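Undergrad:
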Amino acid sequence: MVRFLRRFHEEEDGIGTVEIILILVVLIGLVIIFKNQLTSLVNNIFRKIVSQSNSI
Numbered sequence: 076m077v078r079f080l081r082r083f084h085e086e087e088d089g090i091g092t093v094e095i096i097l098i099l100v101v102l103i104g105l106v107i108i109f110k111n112q113l114t115s116l117v118n119n120i121f122r123k124i125v126s127q128s129n130s131i
């Protein structure tokens, strides 16, 4: 059991640099692809916030 835990601990290095870079590339790609939809969504949300805050 102790040997298993040692091997498991030595084997786990956490998230590597390559994985982080790949995740960032995918996220940036999604933002570029859906830029117009995201902009319109954020604008609609802020419009609703402003209109509802005026009624308070």
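All you need for the working numbering is the position in the sequence shown, starting with 1, plus 75.
All C-beta atoms, glycine included, are put in the ideal place defined by N, C-alpha and C.
Note that the structure is predicted; figures quoted are calculated from it, not measured.
1) How big is the Cα-Cα spacing for L116 and G91?
2) Would you mind reading off the limits of the alpha helix (DSSP H) that contains G104?
3) Below 8 Å on the Cβ atoms is my guess for V106 versus L99; work out the distance and round it to an integer in Å.
4) Can you tell me whether S130 is helix, strand or coil according to DSSP?
TA: Working from what's here:
1) Rounded to the nearest whole angstrom, the C-alpha separation of L116 and G91 is 33 Å.
2) G104 -> alpha helix (DSSP H) spans T92 to I108.
3) Not quite, the Cβ-Cβ distance comes to about 11 Å (not below 8 Å), so this is no contact.
4) Coil at S130, not helix or strand.
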